[in-house]
Structures are given as C-alpha cells and as structure tokens.
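First residue of the sequence shown? That's 3 in the working numbering, and the numbers climb one at a time after it.
Just so you know, even glycine gets a beta-carbon here, dropped at the ideal spot from N, CA and C.
Okay, so here's the structure we're looking at.
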Amino acid sequence: MNNNNCRNCRQKCVVNESAISCDACQGLLHSSCIGLSDSDIIRTRSKSKAIKVVCNLCNANMAQFKDFKALINSIQTDFLASLNQLRADLENQVATLKESLINQPNNQFEEIVAEVMEREKRKNNLIIFGVPEQSSSLNNSQRADLDQSAVNSVLESIKPDPAVPEFKLQRLGRFLPHNSKTRPIKVTFGDESDVHKFIREAKKLKGNPSFGAISLSFDRTTKQIEAYKQLKQQLDARIATGEKDLKIRYVKGSPKIISLN
Numbered sequence: 003m004n005n006n007n008c009r010n011c012r013q014k015c016v017v018n019e020s021a022i023s024c025d026a027c028q029g030l031l032h033s034s035c036i037g038l039s040d041s042d043i044i045r046t047r048s049k050s051k052a053i054k055v056v057c058n059l060c061n062a063n064m065a066q067f068k069d070f071k072a073l074i075n076s077i078q079t080d081f082l083a084s085l086n087q088l089r090a091d092l093e094n095q096v097a098t099l100k101e102s103l104i105n106q107p108n109n110q111f112e113e114i115v116a117e118v119m120e121r122e123k124r125k126n127n128l129i130i131f132g133v134p135e136q137s138s139s140l141n142n143s144q145r146a147d148l149d150q151s152a153v154n155s156v157l158e159s160i161k162p163d164p165a166v167p168e169f170k171l172q173r174l175g176r177f178l179p180h181n182s183k184t185r186p187i188k189v190t191f192g193d194e195s196d197v198h199k200f201i202r203e204a205k206k207l208k209g210n211p212s213f214g215a216i217s218l219s220f221d222r223t224t225k226q227i228e229a230y231k232q233l234k235q236q237l238d239a240r241i242a243t244g245e246k247d248l249k250i251r252y253v254k255g256s257p258k259i260i261s262l263n
C-alpha cells in the first residue's frame, strides 16, 4: 500500500493540518476517517503524548494481541498450578518414602546379612544324592570310610582334572537304621571352583551304569531352594506353551532360564 494513502480509507492523504499519523504504524490518517475535525487534530498534536491515535488495522491487531496475551497468561497460570501440584505430590512421595525407610524393620537387613553369610559358608560344598547307605551293623567310622570310598569313585568317574581334589564329607540328617530313605552327602572342597567343575560334569553320571541314580547339586540355602523352585515352575510353564530347547543354567552363580539355540 502507498505510504501516502490513508490507513483507513486507502485514499490519498496529504501531510497537512487535516492529517495525523498512526502512533502504531506511523501511517497517515484523514482526520475525517477517525472522526476528528481539523481543530481536533491541532489540539491532539499539542496535548501529551499519552493521547494515542491508531488506525483501524493497528487497532484490530492490538485487540488480537490482547486476546493472545490473555491466552498466554491463562496457559502460564495453568502450567504454574500444575507444576506446583506436581512438586507437592513429589514432596509427599519423598516424605512417605523417607518415613517407610525410617520405619523399615531392622530384622529385614539382618535377614539379608544372614543370607549372605550362609551362602558364603556353603559355597565350597557339593551335595551328592543317591549314594547308598551302608549296613546298620557297621559303626560310624566304618560307614564314613565306605562313604569316602563311594564318593571318591563317583567323583573319579566325572573328574574334570587329572586328580580329584581333597575333600571332607558328611551325611546330612540323622542315621536311622530302619529308614529306607538315603541321606544326601555334603562334600566340602577347599575351593569354590571345584564345586562348579563337578556340577558342569555331572551329566556324565547319567551315562554310567554304576552311578545313573546319583545326582549332584550346589549346597543351597532355603531361599535359594525356593527361588530355584519358582524358576523351575516358570520353565515348565514356558515349555507347556510350546517353547523348546530351554534349560536352567547357572550364570555367575545364579540360575537362569536360557535358550540352547
């Protein structure tokens, strides 16, 4: 648009006493287009700058700007309210968490420490199931010697190294002469690695006619046994749904379900 045209009527406007500039865009306006007489124009020019004259377009834009500003203020108010509510919720959650930690029973921590210590105590132990008990006519020393020989034969049949490492053994549970149930044997080595070596080779027992009924296991705590049972249930459930080639394997000392594929 020509800068010499009136911003309201778009007609030519001459800079004289009958014209005035828009205070927003500096465009010219006819006095008649804004409802002012020439004398009104003169008085307006002589008054304070606080008196503003704007064209129709600038007036419409200013109205839209005010609406937009009001919308921004409303959004800002809602955002600050939401932020304050979120902060209050987080503060409440933190306070609740602190309270729960403060009131946490000490026995839970003690149970964890006791479990760790128990696992540490058992880590060098290997449990052997299925080694037949000897006659009740023998004394404790004689039965212990026969158990020592039987365990040595079992370990010799699957030994991963040239020689079976030294070990101590103990039948678990009380000896009852007329009890048909065979008590497991706890074998204690000098190093945890020996336990893992024999566990890895235990599958060889299945192919040995003399030791096919014998199995080996880690010396697990009650919690470990329960966790293993739950893992076994998960394995059985997955196999029942059609998954194949799944086995439980120990990874860094913990049982995991892995795929053999």
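Please name the residue, chosen from the options, that lies closest to residue i on a Cα-to-Cα basis.
i	options	result
N142	R121, P179, A116 and P164	P179
R173	S217, I250 and E135	E135
S217	E120, E203, I114 and G29	E203
C60	N10, A21 and K161	N10
A65	Y230, A26 and S261	A26
I114	Q226, D238, R185 and F70	Q226
Q235	K246, G214, I259 and V133	I259
L140	F177, G244 and D247	F177
S261	A62, L248 and C15	L248
F200	K183, R185, F169 and E228	F169
C145	K123, L171, K125 and A215	Position check: residue 145 holds Arg in this sequence, whereas Cys was assumed. If we check each option's Cα against that of R145, L171 comes out closest.
E54	T243, Q28 and Q110	One detail in the question is off: residue 54 reads as Lys in this sequence, not Glu. Minimum Cα distance to K54 is reached at Q28.
K246	F111, L237 and Y252	L237
S290	P167, L99, A152 and S138	Residue numbering for the chain in the displayed model covers 3 to 263; residue 290 lies beyond these limits and cannot be assessed.
P167	H198, E117 and G244	H198
Let's test the definition: count the other Cβ atoms within 10 Å of the Cβ of residue i and tell me whether it reaches 16, buried, or not, exposed.
i	result
S256	exposed
L30	buried
D196	buried
D163	exposed
D91	exposed
V133	buried
D149	buried
I1	Here the chain has residues from 3 to 263 only, and residue 1 is not among them.
I77	exposed
I187	buried
I36	buried
Can you round the beta-carbon distance between residue i and residue j to whole angstroms, since I take them to be within the 8 Å contact cut?
i	j	result
S33	I22	6 Å
N5	Q13	Actually they are not in contact, since the Cβ atoms of N5 and Q13 sit about 13 Å apart, beyond 8 Å.
K206	I160	4 Å
C57	C24	4 Å
Compute the minimum distance between the beta carbon of residue i and the heavy atoms of the ligand NAP, and state whether it is under 6 Å.
i	result
S256	The model depicted lacks the ligand NAP and carries no ligand whatsoever.
3-residue-minimum beta strand (DSSP E) runs that sit fully inside the region 141–193, ordered along the chain: 169–173 and 187–191
query: Counting pairs of beta carbons, one from the region 216–223 and one from the region 129–136, are three or more of them closer than 8 Å?
result: Verdict: yes, contact present.
- prompt: Quick check: the region 188–197 against the region 84–103, are there 3 or more CB pairs under 8 Å?
  reply: no
task: Could you pull out every unbroken beta strand (DSSP E) segment of at least 3 residues lying fully inside the region 80–137, listed in chain order?
output: 127–131
message: Does the contact criterion of 3 or more C-beta pairs under 8 Å hold for the region 201–216 versus the region 153–162?
response: The region 201–216 makes contact with the region 153–162; the number of CB pairs closer than 8 Å reaches 3 or more.
message: Runs of 3 residues minimum, wholly inside the region 230–263: which ones carry the beta strand (DSSP E) assignment?
response: 248–253 and 256–261
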